[in-house]
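Chemist: Sequence order for the protein chains is U and V. Under this note's numbering, the first sequence has 405 at position 307, and the numbering climbs by one with no breaks. Under this note's numbering, the second sequence has 364 at position 266, and the numbering climbs by one with no breaks. Cβ coordinates follow ideal geometry from the N, Cα and C atoms, glycine included. In this text, all values refer to a predicted model and were calculated from it rather than measured experimentally. What follows is a single structure, and I will ask about it in a moment.
2 protein chains.
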Amino acid sequence: MTAAVTSSDNARPAGAPEDFDFNSYLAARKSEVEAALDAALGPERPESLREAMRYSLLAGGKRLRPILCLAACELAGGDPALAMPTAVALEMIHTMSLIHDDLPAMDNDDLRRGRPTNHKVYGEAVAILAGDALLTRAFEMVALRSPGVPAERLIKVVAELSLVAGAPGLVGGQVVDLESEGKDVDLETLEYIHLHKTGALLKACVITGALIAGADATRIASLGTYARGIGLAFQIVDDILDVTASSDVLGKTAGKDLIADKTTYPKLLGLEESRARARALVEEAKASLSLFKGDGGGLAKAAPLLALADYVIGRDR
Amino acid sequence: MTAAVTSSDNARPAGAPEDFDFNSYLAARKSEVEAALDAALGPERPESLREAMRYSLLAGGKRLRPILCLAACELAGGDPALAMPTAVALEMIHTMSLIHDDLPAMDNDDLRRGRPTNHKVYGEAVAILAGDALLTRAFEMVALRSPGVPAERLIKVVAELSLVAGAPGLVGGQVVDLESEGKDVDLETLEYIHLHKTGALLKACVITGALIAGADATRIASLGTYARGIGLAFQIVDDILDVTASSDVLGKTAGKDLIADKTTYPKLLGLEESRARARALVEEAKASLSLFKGDGGGLAKAAPLLALADYVIGRDR
């Protein structure tokens with residue numbers, strides 16, 4: 099593992115119970131999520147569409163977003179099983195944005211997670227449509243395939259997903275990102291791009307998980323603060339990895355953002371200052387969960403989210 | 099007006115009250131819909147995205163889909179004002195599918211409604227993203243901007259929209275359409291394409307309108323039958339117009355479907371047989387509304403939907 103930013107104890111965060119094993123937790127959750135993703139795609143006609151959707155949705159990855167959703171639901175006192183359709187929806191939205199971002203008209207990427215990008219395999223038309231279909235399937239997962247959750251909660255989840263996937267979220271971030279290429283971009287614009295392209299979706303993961311659990315506004319706000327911190331830290335680490343890692347590790351063309359003359363944190367702040375900022379953001383994120391101490395059991399239930407925060411800056415993607 | 103199929107009395111359908119003036123009804127509803135569409139797009143950043151979304155959403159057209167939704171809501175006993183956000187959502191989904199279908203990777207159309215297509219004006223990247231943003235904004239309209247409608251109804255509307263916009267609807271139809279180009283396609287495949295690309299959305303218009311009104315399953319099914327009939331008739335008329343009208347009237351390249359070697363109804367059935375089939379479908383559609391006679395006032399409240407059925411085969415697009 100190529101750690102971009104070192105973290106004190108990746109397997110057991112401070113405040114977590116001694117018997118909490120983060121690696122087992124991650125593996126178990128990931129396996130549940132993979133099964134749910136696999137089951138979420140029906141018999142779409144025609145076959146090329148179904149294959150294109152499956153190709154990108156089941157392409158591996160850490161499944162960080164769905165796991166954040168399930169963990170937030172559990173921390174807020176809900177049954178994570180009820181949040182699984184929403185967790186799947188979040189991964190579908192994430193996958194859809196990757197497929198569209200990789201298109202020739204956008205970032206023109208040939209590789210993603212070590213494999214040819216969707217449009218390289220299925221052609222541009224089907225790649226665009228597979229993205230469209232995954233986006234709408236995400237809403238279907240919440241509205242039609244979330245048994246046992248009251249409609250009042252589901253409609254709030256739909257609202258949150260609609261904001262994060264569209265102009266106020268992923269799409270807005272991508273447009274500003276494209277328009278910034280080859281330009282000198284200041285820190286404010288860089289953070290705008292990352293908050294919209296990465297941070298907003300991570301935030302939606304924990305907020306929708308909490309909504310499924312029926313959490314109150316205070317707890318949702320505290321989870322929002324947590325997500326904002328790990329979202330920015332996540333992006334800083336991404337930028338650091340782009341500079342330091344090789345194409346083999348990343349499964350995509352390393353240094354591409356620099357080649358395309360994109361502004362990155364290391365370029366703006368330097369490597370050391372970027373690492374320090376990521377570390378500070380993660381500590382802030384973890385601190386924002388202290389609110390849940392009063393919910394019984396101390397911070398034991400927060401162990402997964404505390405560990406996930408550390409994980410974000412220690413990951414190899 | 100170039101009528102593709104003549105209809106007995108376009109201004110007042112059989113069974114409608116004598117004081118029902120369809121042209122005034124259409125004009126009034128269209129003007130309400132235009133105002134709602136104009137108000138539905140917020141201050142998206144950056145400006146290029148907002149402009150691209152507005153360019154296509156406010157490009158005119160008959161606004162048949164939102165009007166069908168409002169009329170169905172009213173027929174089912176609801177307040178059409180409560181259905182307006184859903185009506186706007188339907189037009190956003192329709193617009194989004196036009197933007198993506200026109201892309202170079204798909205139908206590669208330069209003109210739409212007499213104006214350059216979205217990607218010709220804003221470039222492919224922004225056109226793809228404007229489509230994505232309109233699709234997600236549609237869900238936002240229902241989930242976040244539909245005050246006064248119970249969450250139980252809204253979540254059913256979201257479910258309906260997610261099905262019609264995705265693989266089981268528009269996307270599936272478009273994929274089969276693209277894969278059929280240059281091939282000999284039978285009537286079954288042709289109807290599959292049209293039911294998914296055109297019919298499904300028209301059906302969703304009346305069904306979501308009825309859902310907002312809280313209609314029961316029987317009434318929703320009867321409106322579904324109505325929509326299936328006018329949906330197929332609509333497409334047959336579209337095919338007839340492609341053969342008989344000039345580019346000037348259509349605002350898009352006439353005969354393009356024939357040039358691209360697409361299967362059409364006139365090609366399969368001949369012009370006269372196509373016209374007869376459209377007429378029969380519209381009569382069946384109108385008959386399916388007889389269920390509402392028992393709701394009081396005879397079929398007076400059905401006047402708009404009865405007239406809209408005739409309108410579909412008499413329109414010049």
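Alpha helix (DSSP H) containing ALA302 of chain V: first to last residue?
Modeler: Its alpha helix (DSSP H) spans residues 298-311.
Chemist: State buried or exposed for LYS281 of chain U, treating a residue as buried only when at least 16 other CB atoms are found within 10 Å of its CB.
Modeler: So LYS281 of chain U counts as exposed.
Chemist: Which term fits THR316 of chain U, buried or exposed, when burial requires 16 or more other beta carbons within 10 angstroms of its beta carbon?
Modeler: Under this definition THR316 of chain U is an exposed residue.
Chemist: I'd like to know if the segment 285-302 of chain V and the segment 259-269 of chain V are in contact, where contact means that at least 3 CB-CB pairs between them fall below 8 Å.
Modeler: Contact holds: three or more Cβ-Cβ distances are below 8 Å.
Chemist: Can you tell me whether SER320 of chain V is buried or exposed? The criterion is at least 16 other CB atoms within 10 Å of its CB, across all chains shown.
Modeler: Buried: at least 16 other Cβ atoms inside 10 Å.
Chemist: Using a Cβ cut-off of 9 Å, pull out every chain U residue sitting near PRO144 of chain V, in sequence order please.
Modeler: Within chain U, the residues near PRO144 of chain V are GLY270, VAL273, VAL274 and GLU277.
Chemist: Could you name the residues of chain B that ARG235 of chain U contacts, counting a contact when the two beta carbons are closer than 8 Å?
Modeler: No chain B appears in this structure, whose protein chains are U and V.
Chemist: Please state the DSSP three-state secondary structure of LEU209 of chain V.
Modeler: Three-state result, LEU209 of chain V: strand.
Chemist: If you check the beta carbons only, do ALA401 of chain V and PHE118 of chain V fall under 7 Å apart?
Modeler: In this structure, PHE118 of chain V lies closer than 7 Å to ALA401 of chain V by Cβ.
Chemist: Assuming VAL380 of chain V and PRO364 of chain V form a contact by the criterion Cβ under 8 Å, report the distance between their Cβ atoms to the nearest whole angstrom.
Modeler: VAL380 of chain V to PRO364 of chain V, Cβ: 17 Å. No contact.
Chemist: Might you give, ordered along the chain, the residues of its own chain that have their beta carbon closer than 8 Å to the beta carbon of SER146 of chain U, omitting 5 neighbours on each side?
Modeler: Answer for SER146 of chain U: TYR220 and VAL224, listed in chain order.
Chemist: Against chain V, does GLU286 of chain U count as a neighbour if the rule is that its beta carbon must be under 7 Å from one of theirs?
Modeler: Judged by the 7 Å Cβ criterion, GLU286 of chain U is not in contact with chain V.
Chemist: Note the first and the last residue of the continuous alpha helix (DSSP H) segment covering LEU369 of chain V.
Modeler: Segment 369-385, the alpha helix (DSSP H) holding LEU369 of chain V.
Chemist: For ILE328 of chain V and ARG143 of chain U, what's the separation of their Cα atoms in angstroms?
Modeler: ILE328 of chain V and ARG143 of chain U: Cα-Cα distance of roughly 24 Å.
Chemist: Which residue wins for smallest C-alpha separation from ALA325 of chain U, given the options U:ALA311, U:CYS303 and U:GLY175?
Modeler: The candidate whose alpha carbon is nearest that of ALA325 of chain U is U:CYS303.
Chemist: For GLY212 of chain V, count neighbouring C-beta atoms within 10 Å of its own C-beta (all shown protein chains included) and say buried if the count is 16 or more, exposed if not.
Modeler: Under this definition GLY212 of chain V is an exposed residue.
Chemist: Can you give me, in chain order, the residues of the segment 217-230 of chain U that have a beta carbon less than 9 Å from any beta carbon in chain V?
Modeler: Here the close residues are HIS217, GLY221, GLU222, ALA223, VAL224, ALA225, ILE226, LEU227, ALA228, GLY229 and ASP230.
Chemist: Have a look at ILE288 of chain U and GLU371 of chain U and give me their C-alpha separation to the nearest angstrom.
Modeler: Here residue 288 of chain U turns out to be Leu, not Ile, going by the sequence shown. Rounded to the nearest angstrom, the two C-alpha atoms are 16 Å apart.
Chemist: Since I believe THR234 of chain V is in contact with SER260 of chain U (beta carbons under 8 Å), could you give me their beta-carbon distance rounded to a whole number of angstroms?
Modeler: Contact flag correct, Cβ pair sits at about 5 Å.
Chemist: Which residue spans inside the segment 151-188 of chain V form an unbroken alpha helix (DSSP H) run of at least 4?
Modeler: List check, alpha helix (DSSP H) in window: 162-173.
Chemist: How many Å lie between ILE318 of chain V and VAL273 of chain V at the Cα?
Modeler: If I take the Cα positions, the gap works out to 28 Å.
Chemist: Under 7 Å between C-beta atoms, does VAL256 of chain U make it to chain V?
Modeler: Closer than 7 Å to some Cβ of chain V, the Cβ of VAL256 of chain U qualifies, so yes.
Chemist: Could you name the residues of chain V that MET204 of chain U contacts, counting a contact when the two beta carbons are closer than 9 Å?
Modeler: Those within 9 Å of MET204 of chain U in chain V are GLU222, ALA223, ILE226 and LEU227.
Chemist: From V:ILE305, V:ALA331 and V:LEU285, pick the residue whose C-alpha is nearest to that of ILE411 of chain V; which is it?
Modeler: The shortest Cα separation from ILE411 of chain V among V:ILE305, V:ALA331 and V:LEU285 belongs to V:ALA331.
Chemist: Using a cut-off of 9 Å between C-beta atoms, extract the partners of LEU201 of chain U located in chain V.
Modeler: Within 9 Å Cβ-Cβ: ALA203, GLU222, ALA223 and ILE226.
Chemist: Taking 8 Å as the cut-off, does the segment 150-158 of chain U touch the segment 382-395 of chain U (at least 3 CB pairs, one atom from each stretch)?
Modeler: With the cut-off at 8 Å, the segment 382-395 of chain U and the segment 150-158 of chain U do not touch.
Chemist: Buried or exposed, going by whether 16 or more other CB atoms sit within 10 Å of the CB of ASN121 of chain V?
Modeler: Result: exposed.
Chemist: What in chain V is Cβ-close to ALA68 of chain U, meaning under 8 Å?
Modeler: Coverage of chain U is limited to positions 99 through 415, which leaves residue 68 of chain U absent and any answer about it impossible.
Chemist: Would ARG163 of chain V and LEU188 of chain V be called neighbours here (beta carbons separated by less than 7 Å)?
Modeler: Their beta carbons are under 7 Å apart, which means ARG163 of chain V touches LEU188 of chain V by this criterion.
Chemist: From the beta carbon of LEU147 of chain V, is the nearest beta carbon of chain U less than 7 Å away?
Modeler: Cβ-Cβ to chain U under 7 Å: yes for LEU147 of chain V.
Chemist: Could you check what DSSP says for PRO402 of chain V in three-state terms: helix, strand or coil?
Modeler: Of the three classes helix, strand and coil, the one that applies to PRO402 of chain V here is helix, per DSSP.
Chemist: Output the distance between the C-alpha atoms of GLY140 of chain V and PHE237 of chain U, rounded to the nearest integer angstrom.
Modeler: For GLY140 of chain V and PHE237 of chain U, the distance between alpha carbons rounds to 22 Å.
Chemist: Suppose you measure from the CA of ILE226 of chain U to the CA of ILE253 of chain V; what does that come to, to the nearest Å?
Modeler: Answer to the nearest angstrom: the Cα atoms are 26 Å apart.
Chemist: Give the residues of chain U in contact with GLU250 of chain V, contact being defined as C-beta atoms less than 8 Å apart.
Modeler: Per Cβ cutoff of 8 Å: ALA249.
Chemist: Can you find a CB in chain V that lies within less than 7 Å of the CB of GLU238 of chain U?
Modeler: Interface residue, yes.
Chemist: Spell out whether any CB of chain U is found under 7 Å from the CB atom of PHE118 of chain V.
Modeler: It does not; no Cβ of chain U falls within 7 Å.
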